[in-house]
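**Q** Numbering (our numbering), first residue to last: 11 to 476.
Even for Gly, the Cβ is constructed at its ideal location relative to N, Cα and C.
Model, not experiment: these values are computed from the prediction.
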Ligand SMILES: [Zn+2]
Ligand SMILES: [Zn+2]
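(1) Of the choices 89, 171, 344, whose alpha-carbon is the least far from that of residue 212?
(2) Where do the ends of the beta strand (DSSP E) carrying residue 134 lie?
(3) Three-state secondary structure (DSSP) at residue 175?
(4) With 16 as the cutoff for other CB atoms within 10 Å, does residue 120 come out buried or exposed?
(5) So the beta strand (DSSP E) residue 450 belongs to, where does it begin and stop?
(6) When you compare each of 250, 20, 36 to residue 102 by their alpha carbons, which one comes out closest?
(7) Please name the residue or residues paired with residue 194 in a DSSP beta bridge.
(8) Can you list, in chain order, the stretches of the beta strand (DSSP E) that have 3 or more residues and sit fully within the region 78-149?
(9) Roughly how many whole angstroms lie between the Cα atoms of residue 284 and residue 277?
(10) Going residue by residue through the region 425-472, where are the continuous beta strand (DSSP E) segments of at least 3 residues, counting only ones entirely within it?
(11) In whole angstroms, give me the CA-to-CA distance for residue 287 and residue 295.
(12) Using a Cβ-Cβ cutoff of less than 8 Å, which residues in the same chain neighbour residue 143 once the five nearest sequence positions on both sides are dropped?
(13) Considering residue 13, what are the terminal residues of the beta strand (DSSP E) in which it resides?
(14) Might you give, ordered along the chain, the residues of its own chain that have their beta carbon closer than 7 Å to the beta carbon of residue 81, omitting 5 neighbours on each side?
(15) Just to confirm, are residue 97 and residue 67 a CB contact at a threshold of 8 Å?
(16) Between the beta-carbon of residue 231 and the beta-carbon of residue 164, is there less than 8 Å?
(17) Leaving aside the five residues before and after residue 12 along the sequence, list all residues of the same chain whose C-beta is less than 6 Å from its C-beta, in chain order.
(18) Between residue 314 and ligand 2, is the CB less than 7 Å from at least one heavy atom?
(19) Please return the same chain residues whose Cβ sits closer than 6 Å to the Cβ of residue 48, not counting the five positions on each side in sequence.
(20) For residue 70, which three-state DSSP category applies?
(21) With a Cβ-Cβ cutoff of 8 Å, do residue 266 and residue 36 count as a contact?
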C-alpha cells in the first residue's frame, strides 16, 4: 500500500523544507518537491503541518516491579499512549534482578512485551549485579540480542546498586565491546543516611524525598561516573534523567574535554519544581516522587537544562516513564516518603512538552526533532532505520499541527494512571496524525492501531562512538 503525504513541512536536524513524502509499505520511498509525487496514490493532507520522524522515547519502564508494586502501564497500555503522543518507538529497560541470570531477566522482558506493543520497541539492560557471569552476558547481548546499552545504579543500595569496582568492571567491558554504559548518578549510600535521619526527625511528607536527595549528591555521582569512565579508557557514558545544574556542569566539562559523555533530561525536570509539585500540601506531592528528584524553582535548573539542550550538553529528552496510580500505589508511602514508589508517567506528552519549548523560544524546531527522535536513534543504534524522514527509513511519521492545542489531563490521557503530572497544562501545538511503519495509527483524535503491531528492534552500536 502506498501513501503520499502532501503539503507539509518536513523537519529534521539539518533544517525544514516543504516536501511531499511517499510511503510504500512500511518504508519511506521518496521525497518530492511539493506536487511532484505520483498520481493515483492515497494522499494524506499535511497542509500547515510539520512532518517529523516519529518520536523515540529512550527511557521507559513498562510494568516495572518497584517498591512492592508494578508500574501501572503495561506494554499494551503504555505503547498505545505513546502512539497517541507521537512516539512510535520506545526503548524500555529489561531488568536483571540481583542474583538472576542476565539472559533470564531479558527473556522475562521479551515475554511481557511480545505481542502486546502498539509501536516498535527495543531494550536496554539493567544490570542488577555485576559479576563474571553478567560481564560475559554483556558480550552476548551486544552480539546476539541487539542490546548495546547497560544501565547501572549508583543509587538504591540493596536493590540495583553497583559499587565503584563493579561499575569500573562493567565500563571496561563496554569499552571492549562498544556498548554504552547508562548511569543513574546519585550517591545512594549517602542519600540513604539522609533519608534515615529525616525519618527519625519525623519528616515524612513527600517533599522530603527531594530534600534528602540534594543536587550535590547527583553532581558528585555524575562526576564520579565520568572519572570512572575515564579510567576505563573513555568508555562511552550516558547519564540518565539529569535534573540538576551542578550535574550538567560536570557533563559539560567532560564534553568540552572531548570525552564520550552524553546525557538526557526529562520533561519533569524542564517544567516542574520541588516547591510547586513535590511540596504540594499533604500527601499530594507523592505524585511527583521520582529519582532524581524535582529541583528547587528558586535555583536555575530549568533555565540551565534548556540551555543544555540547545548546546547539546543534553542530547536527548526521554521521559523515564514509570507511572504509579495515586490510589493504592503512591499511597504505599503514606506516613513515610521513602516507601512511595518512584516514578512519573509521561510517555504520552514528551513530544508536546518539548514542542512547547519551541513555542516559548527556548529551542529551535530542528533541535526539537533532534532531541526527541534523531539523536535517540543515533545514540542507541537505531539510525537510519528510525529518527529521520528519508528514503529507506521506516515510515514512522508524525504530522504535527502548530495551530492545534493540547490540554493535558487525566480525564483525557491514555496512560493507565489516575492522575497526570501535568494536569491542566496547555500546549500550543498538537499531534495530528501518527504513522507507524506505514500504518496510520492515530488520525483525527481516533485510534486505528492495534496491539501486536509493534516489533522488537535489535539495535546496533551508538553512532556517536569514536
Ligand atoms: Zn534511574
Ligand atoms: Zn528510569
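**A** Looking at the atomic coordinates:
(1) 344
(2) Run containing residue 134: 130-137, per the beta strand (DSSP E) assignment.
(3) helix
(4) exposed
(5) First-last of the beta strand (DSSP E) with residue 450: 449-453.
(6) 250
(7) 163
(8) When DSSP assignments are scanned along the region 78-149, the uninterrupted stretches of beta strand (DSSP E) that are 3 or more residues long and fall wholly within it turn out to be 97-106, 130-137.
(9) 14 Å
(10) 440-446, 449-453
(11) 6 Å
(12) 111, 112
(13) 12-16 is the extent of the beta strand (DSSP E) around residue 13.
(14) 71, 72, 73, 74, 332, 333, 334, 353.
(15) yes
(16) Result yes, Cβ atoms of residue 231 and residue 164 sit closer than 8 Å.
(17) 34, 51
(18) no
(19) Around residue 48: no qualifying Cβ.
(20) strand
(21) no
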